[in-house]
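In the working numbering, the protein residues as written are 605 to 1432. In this text, a Cβ means the ideal position worked out from N, Cα and C, and glycines have one as well. Working notes, structure below.
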């Protein structure tokens, strides 16, 4: 008869099973034949199903990453926060080429496949070159997407337990587990190579296919698949092996403790990211598991850090100035560690304690720390050749010494199980202990009545022993029956009664009604968790898309686009130099923004910055808007206010002749020229600016465009009015008349003529012909009056010889004038 259950012994003589001795000569063939078709199918399905589950989770993670990133803004015209250039083409004007389409398909289908290979400890390889420059390089990144790996392991275990038969022996279990590992390796490798990400070739740049397949992914996929199938039935491994049962039982408690902490931290991270810090959300779907593991490592008083990046090694822990939130994780780890020690004591059920437990428990937590170290650490390398060669390697994640800290926690948990549990467990009540026993299972123990049962109180001891045996039998699938050789025959002197099974009724199996209540309670609890997570996701979406800075910016810019300056003013903090941010002014503007799109929004505390793109005058424009959170109602509804508006400063300059002239836009006076200029913020648009003046000068009307790539600037030169021409001609005419009224030759300074040189005494002047005048102004506001035809002056006088003289001279005019205090005066 075979020692292995499920492995048939050699055929009996004369049974017709084959030639004599054929079974003994081919034990491996007999082993393979002993495995039924259902078990072969289970092995194959577990490998294929594990890859499919990991691929689906990876695809969903990538889609959620894109969705959460897009939720931060409209993303209509930006990719990763970069604004698309204005190509001048319209939608549908050019069809994408075949290579671009194939590249998009390879990214869509290949990225999840590469994440699965990464989850199986592969490394993502990227290599490329620029032949024209003689530059080539390569880089690799290795990290384990914990969520993808978890999906792979869970489905492999579930399919194995559901499909595989219950009668497999140890070696049959080994063979089927190897098949699962080989199937998972084959699917992961083939999918990773076939679905490698390929980029279209471009001029001067060559990029090889990107994939994560390598020796690491091949060995990793085999180990993950084989171990998942092998450990799916721990009862088979523990059958008849007390030490294996103890190790697996302790591992079960460790998985419960560390898994609970990781899940709780992950849920808190999701809630915090989606509610308090939406900007984190884009990275979470891919790295939520790894980030949770890193925080849990810190909570276990381990460390995280970076090594090898530029020769710098940095490690952080809760003792290096961490925030109070991390200390809450430490408190959570401490509470769960005490609970794990109590659960470990319940699993042992006060069996005889051995020195070996001081090795098993720390070793189990050490292995758990090693697993977290592997899952929480990423490695990278790079190299480049060209004019100079550079290369480097590094890692980032959980510090290598963290597993040692986990081993110390294992020792502390063993202390709790040995010394604190006997004090606390009797106070918890039988139902709590029974539920805990069903959850963590029970170690093998003797069922014989203790040797001290004949002493006084033996009836109570025997009853307790019998109840303990019944409790152990009902403790769950992990209770493996009577111990084999080497198991303790009793509890030993000096030990107390078992924690579970103190009464026969407490150890009774659950009734169908109780099972229904338990199942319904678990479903209700799961529904509550789903509702909480869904509420957090919904709140995060509302906070980002309804109550976040992006909707505020959209409503603000939409108000500007429709000319509603009042609404825009209500949503913003208007600075002092904002005379043009007026309803009348904005309504008068042409080419206001249209097709408004809010791009990437970055939030830091109560401050946010949004990139806005819009169309103005048929061209794409962009700008930035800064906001401040002014309050939060109902803990989630944020109120944002624009602090830096979507506006640019308009600079209006004018000559000194226009000093004090009024400035108007859209028929509304908004200020005046002071010290030669006027400045104001203005929303995007094209404005008609009028600068007035005095009765002699006016600035006129010019247009200025706000929102273009250049700063809005306009300069006004003074333009002469008709009154200036009339008054300047009158000024020169009066000056000529005044000169004609003079009789003294020496008093003709500033006059257009000089008079007779030989006059003796008074001279009588008479202008017989006035010159024709022309008035001109300069940009500085000076006035020049010149004659276009000469004037004629006649004069009568008495010469030095006493003779009466009469003569006529022609004269021209060349006069400079200026305006002072609103009056024309001589320029010199």
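For this session: Identify the continuous alpha helix (DSSP H) that holds residue 1162 and give its terminal residues.
Result: Numbered from its first residue, the chain shown carries residue 1162 at position 558. Taken as a continuous stretch (DSSP letters only), the alpha helix (DSSP H) holding residue 1162 covers 1153-1165.
Exercise. With 16 other CB atoms within 10 Å as the buried threshold, where does residue 1006 fall?
Worked result: Within the chain shown, numbered from 1, the residue matching residue 1006 stands at position 402. Using a 10 angstroms sphere on the CB of residue 1006, the tally of other CB atoms reaches 16 or more, which defines it as buried.
Exercise. Does the pairing of the region 786-802 with the region 846-863 give three or more beta-carbon distances under 8 Å?
Worked result: A contact is defined here as three or more CB-CB pairs under 8 Å, and the region 786-802 fails this definition with respect to the region 846-863.
Exercise. Would you call the CB atoms of residue 733 and residue 744 closer than 8 Å?
Worked result: The sequence position of residue 733 within the chain shown is 129, counting from 1. The sequence position of residue 744 within the chain shown is 140, counting from 1. In this structure, residue 744 does not lie closer than 8 Å to residue 733 by Cβ.
Exercise. Do you know whose CA, among 1198, 635 and 657, lies nearest residue 759's CA?
Worked result: Walking along the chain shown from the start, residue 759 turns up at place 155. Nearest option by C-alpha distance: 657.
Exercise. Which value, in whole angstroms, describes the spacing of the CA atoms of residue 1056 and residue 952?
Worked result: Counted from its first residue, the chain shown places residue 1056 at position 452. Counted from its first residue, the chain shown places residue 952 at position 348. Reliability of the predicted coordinates at residue 1056 is poor, the pLDDT of 35 falling under 50, and the value obtained from them is presented with this limitation in mind. Between residue 1056 and residue 952, the C-alpha separation is close to 21 Å.
Problem set entry | 8 Å CB neighbourhood of residue 1341 in its chain, flanking five on each side removed | On the chain shown, position 737 is the one that residue 1341 refers to. Excluding sequence positions up to five before and after residue 1341, its CB lies within less than 8 Å of the CB of 1371, all in the same chain and listed in chain order.
Exercise. Mind pulling the beta strand (DSSP E) runs of 3 or more residues that sit fully within the region 967-1052?
Worked result: For the region 967-1052, whole beta strand (DSSP E) runs of length 3 or above, ordered along the chain, are 981-989 and 994-1002.
Exercise. Between residue 577 and the rest of its own chain, which residues show a CB-CB distance below 6 Å, the 5 nearest in sequence each way excluded?
Worked result: Nothing can be reported for residue 577, as the shown portion of the chain is limited to 605 through 1432.
For this session: Measure the C-alpha to C-alpha separation of residue 1358 and residue 1407 and round it to an integer number of angstroms.
Result: Along the chain shown, one-based indexing puts residue 1358 at 754. Along the chain shown, one-based indexing puts residue 1407 at 803. Each residue's Cα considered, the two are about 20 Å apart.
For this session: Leaving aside the five residues before and after residue 1227 along the sequence, list all residues of the same chain whose C-beta is less than 6 Å from its C-beta, in chain order.
Result: Counting from one through the chain shown, the residue named residue 1227 turns up at place 623. For residue 1227, where only same-chain residues beyond five positions count, the Cβ hits under 6 Å are 1216 and 1250.
Exercise. On the three-pair Cβ rule with 8 Å, is the region 970-980 touching the region 814-822?
Worked result: At 8 Å Cβ cutoff, the stretches do not touch.
Exercise. Could you check where the beta strand (DSSP E) with residue 1266 kicks off and where it finishes?
Worked result: Translated into the one-based positions of the chain shown, residue 1266 becomes position 662. First-last of the beta strand (DSSP E) with residue 1266: 1266-1269.
For this session: Whole angstroms is fine: what's the gap from residue 1327's alpha carbon to residue 1432's?
Result: Here the question's residue 1327 lines up with position 723 in the chain shown. Here the question's residue 1432 lines up with position 828 in the chain shown. If you draw a straight line from the Cα of residue 1327 to the Cα of residue 1432, it is about 22 Å long.
Problem set entry | Cut-off 8 Å between Cβ atoms - residues of its own chain near residue 645, not counting five sequence neighbours on either side | Translated into the one-based positions of the chain shown, residue 645 becomes position 41. Hits under 8 Å: 767.
Exercise. Between the Cα of residue 876 and the Cα atoms of 1222, 1374, 864 and 929, which residue gives the shortest distance?
Worked result: If you number the chain shown from 1, residue 876 lands on position 272. When only C-alpha atoms are compared, the closest one is 929.
Problem set entry | Three-state class that DSSP yields for residue 1099 in the structure shown | Walking along the chain shown from the start, residue 1099 turns up at place 495. Because residue 1099 carries a pLDDT of 45, less than 50, the predicted location of this residue cannot be relied on, and the following value inherits that uncertainty. DSSP places residue 1099 in coil when its eight states are reduced to three.
For this session: Kindly indicate the opening and closing residues of the beta strand (DSSP E) around residue 1204.
Result: Against the chain shown, residue 1204 aligns to sequence position 600. 1198-1208 is the extent of the beta strand (DSSP E) around residue 1204.
Exercise. Under a three-way DSSP split, which group does residue 822 fall into?
Worked result: Counting from 1 along the chain shown, the entry for residue 822 is found at position 218. In the structure shown, residue 822 sits in a helix (DSSP, three-state: H, G or I).
For this session: Have a look at 1047, 1376 and 809 and flag the residue whose alpha-carbon is nearest the alpha-carbon of residue 1333.
Result: Sequence index remark: in the chain shown, residue 1333 carries index 729 (1-based). For the residues 1047, 1376 and 809, the minimum Cα distance to residue 1333 belongs to 1376.
Exercise. Given that a residue counts as buried once 16 or more other Cβ atoms are within 10 Å of its Cβ, and exposed if not, what is residue 551?
Worked result: The shown model of the chain, from 605 to 1432, leaves out residue 551, and the question about it has no answer.
Problem set entry | Supposed contact pair residue 1013 and residue 969 - C-beta distance, whole angstroms, cut 8 Å | By one-based count along the chain shown, residue 969 stands at place 365. By one-based count along the chain shown, residue 1013 stands at place 409. Taking C-beta atoms under 8 Å as the contact rule, residue 969 and residue 1013 qualify, at a distance of about 6 Å.
Exercise. For residue 638, which of 754, 717 and 774 has the nearest alpha-carbon?
Worked result: The residue labelled residue 638 in the question sits at position 34 within the chain shown. Of 754, 717 and 774, the smallest CA-CA separation from residue 638 is found for 774.
Exercise. Around the C-beta of residue 641, are 16 or more other C-beta atoms found within 10 angstroms, so that it is buried, or is it exposed?
Worked result: Taking the chain shown and counting its residues from 1, one reaches residue 641 at position 37. Residue 641 is exposed by the Cβ-count criterion.
For this session: Could you tell me which residues DSSP pairs with residue 1370 in its beta bridges?
Result: Mapped onto the chain shown, residue 1370 falls at position 766. For residue 1370, which the question treats as bridged, DSSP gives the partners 1398.
For this session: May I ask you to list the residues that DSSP assigns as paired with residue 1433?
Result: Within the shown structure, residues of the chain are numbered from 605 to 1432, placing residue 1433 beyond reach of any answer.
Exercise. Secondary structure at residue 1362, three-state DSSP: helix, strand or coil?
Worked result: Residue numbering aside, residue 1362 sits at position 758 when the chain shown is read from its first letter. Of the three classes helix, strand and coil, the one that applies to residue 1362 here is coil, per DSSP.
Exercise. Taking C-beta to C-beta, are residue 717 and residue 813 nearer than 8 Å?
Worked result: Along the chain shown, read from residue 1 onward, the residue named residue 717 stands at position 113. Along the chain shown, read from residue 1 onward, the residue named residue 813 stands at position 209. Against a cut-off of 8 Å, the Cβ pair of residue 813 and residue 717 comes out as no contact.
Exercise. Which residues in the same chain have their Cβ closer than 6 Å to the Cβ of residue 1400, if we skip the five residues on either side of it in sequence?
Worked result: Indexing the chain shown from 1 puts residue 1400 at position 796. The beta carbon of residue 1400 sits closer than 6 Å to the beta carbons of 1368 and 1410 from its chain, once the five residues preceding and following it are set aside; these are given in chain order.
Exercise. Does any C-beta atom of chain D lie closer than 8 Å to the C-beta of residue 1163?
Worked result: The structure shown contains no chain D; it is built from a single protein chain.
For this session: Please report how far the alpha carbon of residue 1302 lies from the alpha carbon of residue 1385, in whole angstroms.
Result: Here residue 1302 corresponds to residue number 698 of the chain shown, with the count starting at 1. Here residue 1385 corresponds to residue number 781 of the chain shown, with the count starting at 1. One alpha carbon belongs to residue 1302, the other to residue 1385, and they sit about 10 Å apart.
Exercise. Do residue 761 and residue 906 have their C-beta atoms closer together than 8 Å?
Worked result: On the chain shown, position 157 is the one that residue 761 refers to. On the chain shown, position 302 is the one that residue 906 refers to. Cβ atoms of residue 761 and residue 906: not closer than 8 Å.
For this session: Return the residue from the list 727, 755 and 753 that minimises the CA-CA distance to residue 742.
Result: Your numbering for residue 742 matches position 138 in the chain shown. Taking only the C-alpha atoms, the option nearest residue 742 is 727.
Exercise. Near residue 1188, which residues of its chain fall below 6 Å by C-beta distance, leaving aside the five closest residues on each side in sequence?
Worked result: The sequence position of residue 1188 within the chain shown is 584, counting from 1. Excluding residues within five positions, the ones whose Cβ falls inside 6 Å are 1270 and 1272.
Exercise. Does the ligand GTP have a heavy atom nearer than 7 Å to the CB of residue 1255?
Worked result: Only the bare structure without any ligand can be found here, which leaves the ligand GTP out of the picture.
Problem set entry | Closest residue to residue 1212 among 1247, 834, 738 and 1426 (Cα-Cα distance) | The residue you call residue 1212 lines up with position 608 of the chain shown. Nearest C-alpha to residue 1212 among 1247, 834, 738 and 1426: 1247.
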